[in-house]
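Residue numbering for the sequence shown follows the UniProt record's numbering, beginning at 1 and increasing consecutively. Backbone N, C-alpha and C define an ideal beta-carbon position, used for all residues, glycine too. Contents: one structure, followed by commentary.
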Amino acid sequence: AAILLEQGQYKWSVLGIHRAPDTMPYQQSDLDILQRLGKHIRRALQIHRQFAVVQSEHQELGILLNGLKIGIVILDQDRRLTFANYKAQSILEKSKLLTLDRFNRLKTTNHFQTQLDQQILTALFPTQLQGDVVQDVGGVLALSESELHTKLMLSIVPFSRLKHFNVEQRTIHSECAAIFITEPEQQHQLATAYLKQNYQLSNREIELCEYFVNGLDLQMIAEQCNLTLSSVRTYFKNLYVKTECRTQTELMRFLLAFTINFEHIA
Numbered sequence: 001a002a003i004l005l006e007q008g009q010y011k012w013s014v015l016g017i018h019r020a021p022d023t024m025p026y027q028q029s030d031l032d033i034l035q036r037l038g039k040h041i042r043r044a045l046q047i048h049r050q051f052a053v054v055q056s057e058h059q060e061l062g063i064l065l066n067g068l069k070i071g072i073v074i075l076d077q078d079r080r081l082t083f084a085n086y087k088a089q090s091i092l093e094k095s096k097l098l099t100l101d102r103f104n105r106l107k108t109t110n111h112f113q114t115q116l117d118q119q120i121l122t123a124l125f126p127t128q129l130q131g132d133v134v135q136d137v138g139g140v141l142a143l144s145e146s147e148l149h150t151k152l153m154l155s156i157v158p159f160s161r162l163k164h165f166n167v168e169q170r171t172i173h174s175e176c177a178a179i180f181i182t183e184p185e186q187q188h189q190l191a192t193a194y195l196k197q198n199y200q201l202s203n204r205e206i207e208l209c210e211y212f213v214n215g216l217d218l219q220m221i222a223e224q225c226n227l228t229l230s231s232v233r234t235y236f237k238n239l240y241v242k243t244e245c246r247t248q249t250e251l252m253r254f255l256l257a258f259t260i261n262f263e264h265i266a
C-alpha cells in the first residue's frame, strides 16, 4: 500500500508499506486507517520542511520560529507565555478571541476557556494523565464568535526537546507547550521565493497567481491590478510557458502545490 503525502510537477512524497507475500490483502478498513494516518504524516512533513528550510540559515530558536508563516506561542509549566513569534504577536494584538490576562496566560471567551486550559495542561504534563481515563495529549481547538465562522485554529502540543536548539534553559523551561495558531479565513499564500528562483516568475506574475489561487477570475484580476483583460491573458500565457501548464485547471493544481498554509489535524 502507498500513501500519497505530496504531489507536485517534479516531486512526489509517498509512504510505502509492504506486507509479506503470505499475509492477507489489505481490507477496506485497513485502507481507511492508512488514509487517516496519512493526514498526520503530511502535517508532520509540512512542519519538518518549514523548520528545515529556516534552520538551514538560522540556528537560534527564536529566529527560526519567527521565520515561520504561522503563529507559534510557547508556554511554560505555569501556562505563562514565554515566547510568541512575529505572526503570533500580530494575531494576539488584533484578535478579540485570544488575548493575555494579567498573569500572561492565554485568555479566550468563557465558552472555550475550560477546553483551552485542559488541552494546555495535558500537553504540559502528559505523563500525569490518569491511566483509567482516555484523554488526549493537547489537541486541536477552533475558536469562533459564531457557529458559521471560525476565526482562529489552535493546535496544542508538548514542546520539551530544546536540546535541538541553541537556547538557554533559563529562557524557556524544559516542560513547555507549543501552540500553533492560524486564521482559517486567511487567503492562500504562495511560496514566492521558491517560485521566483525555480520558475523565474516576476513580482507581477506572483501577484496575479495569488489572486488566481484565491478564486479570482481573469476579469476580476484585471480590475484588481488595474490592467486590461488582454494584458492579464498575456501574463497567463507566459505563466503557462514557465510552469508547463496548458489550462487554468492545471495552473491551479500547480500553484496549490506551493501554498504554505498550515493544516490542523484533530
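Would you give the residue range spanned by the beta strand (DSSP E) that residue i belongs to?
{"i": "A88", "result": "Taken as a continuous stretch (DSSP letters only), A88 belongs to no beta strand (DSSP E), being part of the alpha helix (DSSP H) at 86-94."}
{"i": "residue 268", "result": "Residue numbering for the chain in the displayed model covers 1 to 266; residue 268 lies beyond these limits and cannot be assessed."}
{"i": "L98", "result": "Where L98 is concerned, there is no enclosing beta strand (DSSP E), given that its DSSP letter is neither H nor E."}
{"i": "I74", "result": "71-75"}
{"i": "L15", "result": "12-16"}
{"i": "A20", "result": "Neither: A20 is in no beta strand (DSSP E) and is coded neither H nor E."}
{"i": "A1", "result": "Where A1 is concerned, there is no enclosing beta strand (DSSP E), given that its DSSP letter is neither H nor E."}
What separation, rounded to the nearest whole angstrom, lies between the Cα atoms of residue i and residue j?
{"i": "E205", "j": "E145", "result": "36 Å"}
{"i": "L98", "j": "Q189", "result": "23 Å"}
{"i": "R233", "j": "L218", "result": "7 Å"}
{"i": "Y199", "j": "R19", "result": "40 Å"}
{"i": "L68", "j": "D22", "result": "46 Å"}
{"i": "T247", "j": "R253", "result": "10 Å"}
{"i": "Y235", "j": "Q186", "result": "25 Å"}
{"i": "L201", "j": "L227", "result": "18 Å"}
{"i": "N110", "j": "N66", "result": "30 Å"}
{"i": "E175", "j": "K242", "result": "48 Å"}
{"i": "L255", "j": "L229", "result": "21 Å"}
{"i": "S29", "j": "Q35", "result": "10 Å"}
{"i": "E244", "j": "I17", "result": "32 Å"}
{"i": "L154", "j": "R43", "result": "14 Å"}
{"i": "L251", "j": "V213", "result": "9 Å"}
{"i": "T249", "j": "I70", "result": "28 Å"}
{"i": "residue 287", "j": "N203", "result": "A query on residue 287 cannot be resolved here, the shown segment of the chain reaching from 1 to 266 and no further."}
{"i": "residue 275", "j": "Y211", "result": "Since the first residue shown for the chain is 1 and the last is 266, residue 275 is missing from the structure and cannot be characterised."}
{"i": "S13", "j": "A123", "result": "30 Å"}
{"i": "A84", "j": "L15", "result": "34 Å"}
{"i": "P25", "j": "E183", "result": "42 Å"}
{"i": "L5", "j": "Q197", "result": "24 Å"}
Kindly give me the distance between the Cβ atoms of residue i and residue j, rounded to whole angstroms, as I take these residues to be in contact under 8 Å.
{"i": "I156", "j": "A177", "result": "6 Å"}
{"i": "I41", "j": "I3", "result": "7 Å"}
{"i": "A88", "j": "I181", "result": "6 Å"}
{"i": "R79", "j": "I120", "result": "6 Å"}
{"i": "V137", "j": "P126", "result": "4 Å"}
Do residue j and residue i have their beta-carbon atoms positioned less than 9 Å apart in this structure?
{"i": "F159", "j": "I91", "result": "no"}
{"i": "L239", "j": "L216", "result": "no"}
{"i": "A1", "j": "L45", "result": "no"}
{"i": "L152", "j": "S95", "result": "yes"}
{"i": "L81", "j": "R105", "result": "yes"}
{"i": "I72", "j": "I179", "result": "yes"}
Taking residue i as part of the alpha helix (DSSP H), name the residues at either end of that continuous run.
{"i": "S230", "result": "229-243"}
{"i": "I221", "result": "218-225"}
{"i": "A193", "result": "192-199"}
{"i": "V213", "result": "203-213"}
{"i": "L124", "result": "110-124"}
{"i": "D255", "result": "The residue asked about is misnamed: residue 255 is Leu in this sequence, not Asp. Segment 248-256, the alpha helix (DSSP H) holding L255."}
Quick one: residues in its chain with C-beta nearer than 8 Å to the C-beta of residue i, no 5 flanking neighbours on either side, listed in chain order?
{"i": "Q113", "result": "K107"}
{"i": "A222", "result": "T228, L229, S231, V232"}
Which same chain residues end up closer than 7 Å to residue i when comparing Cβ atoms and leaving out the 5 residues on each side of it in sequence?
{"i": "T192", "result": "I206"}
{"i": "L195", "result": "L201, I206, F258"}
{"i": "L100", "result": "L81, L92, L106, K107"}
Can you find the residues in the same chain that come closer than 6 Å, C-beta to C-beta, to residue i, ignoring five residues on each side of it along the sequence?
{"i": "Y86", "result": "N66"}
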